[in-house]
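Heads up, the final residue of the sequence shown is numbered 409 in the UniProt record's numbering, and it's a clean run with no missing numbers.
Input: a single structure, listed below in C-alpha cells.
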Amino acid sequence: MGSASVMSQMRSVVQTPLSTVCIFCRSVFRVAELSGGWTGPVMLRQDLFVGFEGVMVVVACGVSKEIDRIVQSEFLGDSHSNLITIPMDNFHPAIVQRLKQFFYTGTYDDLHRHELPPLDLADPTTDPSPLPLATIPALAGHDALTSLLGHLCMGEIADAFEVAALQALARQRTAAAVAAGARNAAFVQGLPYAAEKALERFGDADDLLDPLVAAVVAHVEHLADSDALRSLLVAGLSRPFFHVKLAQAVCRRVARDARAGAGEVQQQQKPRQPRKLLASDGGHVRKGETAERAERGKMDMAQIHTLESKLAKLEARVKSAAGQEAMAREKMTENRQLKEDAKVYLAKIHTLESKVATLKNKVAALCKAEDAVEVLNKTEECRHCGDGLTWWFDSKWALRCGDCQTRHK
C-alpha cells in the first residue's frame with residue numbers, strides 16, 4: 001500500500017477532538033501520530049499500519065493526563081516503537097470502548113448488563129472466572145441499576161487515566177440515575193446490594209460511591225428490614241472510609257429532618273393576630289403543645305451537635321489511621337527496597353567470593369608449578385632408566401620422565 005493512498009484514506013476519516021491517532025483493541029490502548037506534513041487527528045483501523053513506515057510515535061494526548069505522561073515517557077525513551085501500548089487490562093473491553101467513544105464524541109452510551117466488569121481487579125491469568133457484576137440477582141431486569149453501575153465504572157476509568165471531563169460527566173449521570181430511580185421500588189430495594197458490590201469493586205476511599213451511599217440513606221426507612229442493607233453494613237465493617245461516608249450521610253439526614261422540625265416549631269411560635277378562644281383551657285393546651293414541640297426541637301438539635309461531634313472524632317480517627325497506614329506502607333516500601341538492595345549486595349559478595357576462590361586456585365596452581373620447576377632443576381637424570389633428556393609435568397604438576405613415565409619428587 002503506497003503512502004499516498006494511505007494518506008488519502010486517512011484524510012477521508014471524520015476528524016476528532018484528539019491531537020493523536022487512537023487505536024482501541026480488546027484490552028489495550030494504542031496511540032500513534034502521522035508524519036508527512038499532515039497531522040490532523042483521525043481514527044484508523046489497525047490494518048492500515050501494516051507496511052506503512054510513515055507512522056511515528058505520538059508526542060502528546062490532549063485528553064488524558066495519565067496517557068500523556070505514559071506517551072511522553074515512552075517518546076523520550078531510547079527504545080520506542082511505532083506504536084505505544086498503554087495496558088488497560090483492569091478494565092472490561094466495553095469500558096475501554098466507551099472511553100474511546102467519549103474521546104471522539106464527548107459522551108458515552110449506557111452499558112448493558114452483560115458488559116459490566118468483574119467484581120474485583122483479579123488477574124485473569126490467575127483467576128480466569130471472576131464473578132461478574134451481571135450475575136447480581138438484584139440487577140435482573142432492572143436496567144436502572146445496571147446503568148448506575150455502568151456510570152460508576154466510567155468514573156473509575158476516568159479517575160485512573162485522569163480524564164477530568166469524563167469524571168464530571170460520569171458523576172453527573174450517576175446522580176441523575178439515582179434521582180430517576182428513586183421513584184422505582186425495585187430500584188430502591190436493589191440499592192444496598194448494588195452498593196455492596198460496588199464497594200467490593202471500587203473500594204471505600206474513592207468518592208465514586210457518594211451518590212450511592214446518599215441514596216441508601218435517603219431510603220433507609222424503606223430498607224430497615226432489608227437483608228441487603230444488613231449485608232452492606234457487614235461488608236463495610238472493615239472499611240473505615242465507608243463508615244465515615246455513611247455516618248456523614250446519616251448526620252446530614254438527621255440534621256435536615258431536625259431543622260425541618262425546628263422550623264415547623266418556629267413557624268407555630270410566630271405571633272398571631274389575637275382571636276377569641278373557645279375556652280381558656282383549650283388555650284393552655286395549645287400553649288403546652290407548642291412548648292413541648294419546642295423542647296423536642298431543642299433535643300433534636302442537641303442530638304445533631306452530639307452526632308456532629310462524634311463524627312468529627314471519627315473522622316479524626318480515620319485520618320490518623322490513614323496516616324499510620326501510609327507510614328506503614330512507606331516503611332514496607334523501604335523494607336522492600338532494603339531487601340532488594342540486600343539481594344544485590346549478596347549477589348555482589350557471592351561474585352567476589354567466587355573470584356577470590358578462583359584466585360586462590362590459581363595461586364595454589366602457581367605454587368605447585370614453582371615446586372615442580374624446582375624439582376626439575378634438581379633432577380639430572382631419571383632414577384629408573386637413567387635418561388635425563390625429556391621430562392614432562394602431569395595435571396598435578398608432578399615431574400615425570402619422558403621415556404618411562406617415572407614420577408620424581
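Ideal placement from N, C-alpha and C gives every residue a C-beta, glycine not left out.
Go ahead and pull the three-state DSSP assignment for H384.
Taking the sequence shown and counting its residues from 1, the one referred to as residue 384 is at position 384. In this structure, H384 counts as coil in the three-state DSSP scheme.
Strictly by DSSP, which residues pair up with H408?
Translated into the one-based positions of the sequence shown, residue 408 becomes position 408. Its beta-bridge partners are L399.
What whole-angstrom Cβ distance do L102 and L166 have, given they're in contact under 8 Å?
Taking the sequence shown and counting its residues from 1, the one referred to as residue 102 is at position 102. Taking the sequence shown and counting its residues from 1, the one referred to as residue 166 is at position 166. Checking the sequence shown, residue 102 turns out to be Phe, not Leu. That belief holds up - the Cβ atoms of F102 and L166 are roughly 5 Å apart, short of 8 Å.
For F202 and A357, what's the separation of their Cα atoms in angstroms?
Working through the sequence shown from its first residue, we reach residue 202 at position 202. Working through the sequence shown from its first residue, we reach residue 357 at position 357. Rounded to whole angstroms, the separation of the alpha carbons of A357 and F202 is 56 Å.
Just how far apart, CA to CA, sit W392 and L359?
Sequence index remark: in the sequence shown, residue 392 carries index 392 (1-based). Sequence index remark: in the sequence shown, residue 359 carries index 359 (1-based). So the two alpha carbons sit approximately 25 Å from each other.
Rounded to the nearest angstrom, what separates V163 and Q337 at their Cα positions?
As a first step, residue 163 is located in the sequence shown; it is residue number 163 there, counting from the start. As a first step, residue 337 is located in the sequence shown; it is residue number 337 there, counting from the start. Computed Cα separation, rounded: 32 Å.
Considering only residues of the same chain and omitting the five flanking positions on each side of K343, which have a CB-CB separation below 8 Å?
Position 343 of the sequence shown, counted from the start, is the residue given in the question as residue 343. Result list for K343: empty, nothing under 8 Å.
Figure out for me which residue from E325, M88 and D394 has the closest Cα to the Cα of A158.
Within the sequence shown, the letter at position 158 stands for residue 158. Looking at the Cα atoms, M88 is the closest of the given residues.
Could you have a look at F103 and say whether DSSP puts it in helix, strand or coil?
Numbered from its first residue, the sequence shown carries residue 103 at position 103. Helix.
Between D110 and the rest of its own chain, which residues show a CB-CB distance below 7 Å, the 5 nearest in sequence each way excluded?
Indexing the sequence shown from 1 puts residue 110 at position 110. Hits under 7 Å: S147 and G150.
Where R329 and V213 are concerned, what is the direct C-alpha to C-alpha distance, given to the nearest angstrom?
In the sequence shown, residue 329 corresponds to position 329, counting from 1. In the sequence shown, residue 213 corresponds to position 213, counting from 1. Going from the Cα of R329 to the Cα of V213 covers about 28 Å.
From A302, K362, M332 and C382, pick the residue whose C-alpha is nearest to that of T406; which is it?
Against the sequence shown, residue 406 aligns to sequence position 406. Taking only the C-alpha atoms, the option nearest T406 is C382.
Just verifying my parser: in three-state terms, what is the DSSP assignment at S91?
The residue you call residue 91 lines up with position 91 of the sequence shown. It is Phe, not Ser, that sits at residue 91 in the sequence shown. Residue state, collapsed to three classes: coil.
Pairwise C-alpha distance: D341 and K362:
For this step, residue 362 is matched to residue 362 along the sequence shown. For this step, residue 341 is matched to residue 341 along the sequence shown. Going by the C-alpha atoms only, they are around 31 Å apart.
Can you tell me which residues form a DSSP beta bridge with F393?
Along the sequence shown, read from residue 1 onward, the residue named residue 393 stands at position 393. According to DSSP, F393 bridges with L399.
How about L209 and A218: do their beta carbons lie closer than 9 Å?
Sequence index remark: in the sequence shown, residue 209 carries index 209 (1-based). Sequence index remark: in the sequence shown, residue 218 carries index 218 (1-based). No.
Exposed or buried, residue 447, counting other C-beta atoms within 10 Å across all chains shown (16 or more means buried)?
Only positions 1 to 409 of the chain appear in this structure, which leaves residue 447 out of reach.
Simplified DSSP assignment, three categories, for A347
Position 347 of the sequence shown, counted from the start, is the residue given in the question as residue 347. A347 falls in the helix class under three-state DSSP.
Would you report the Cα separation of A176 and L346, rounded to the nearest angstrom?
Start at 1 with the first residue of the sequence shown, and residue 176 comes out as number 176. Start at 1 with the first residue of the sequence shown, and residue 346 comes out as number 346. A176 and L346: Cα-Cα distance of roughly 59 Å.
Which residue wins for smallest C-alpha separation from P93, given the options G106, S320 and H112?
Position 93 of the sequence shown, counted from the start, is the residue given in the question as residue 93. Selected option, being the one with the closest Cα: H112.
Could you check if S64 is buried or exposed, using at least 16 other CB atoms within 10 Å of its CB as the buried criterion?
On the sequence shown, position 64 is the one that residue 64 refers to. Answer is buried; the Cβ neighbour count reaches 16.
When we look at the beta-carbon of L399 and count the other beta-carbons within 10 Å, is it buried (16 or more) or exposed?
Counting from 1 along the sequence shown, the entry for residue 399 is found at position 399. Burial check for L399: the Cβ neighbour count within 10 Å reaches 16 or more, so the residue is buried.
Just to confirm my understanding: we take A144, look at its own chain, exclude 5 residues before and 5 after, and list those with CB closer than 8 Å. What are they?
Translated into the one-based positions of the sequence shown, residue 144 becomes position 144. So the qualifying residues of the chain are A177, A180, G181, N184 and F187.
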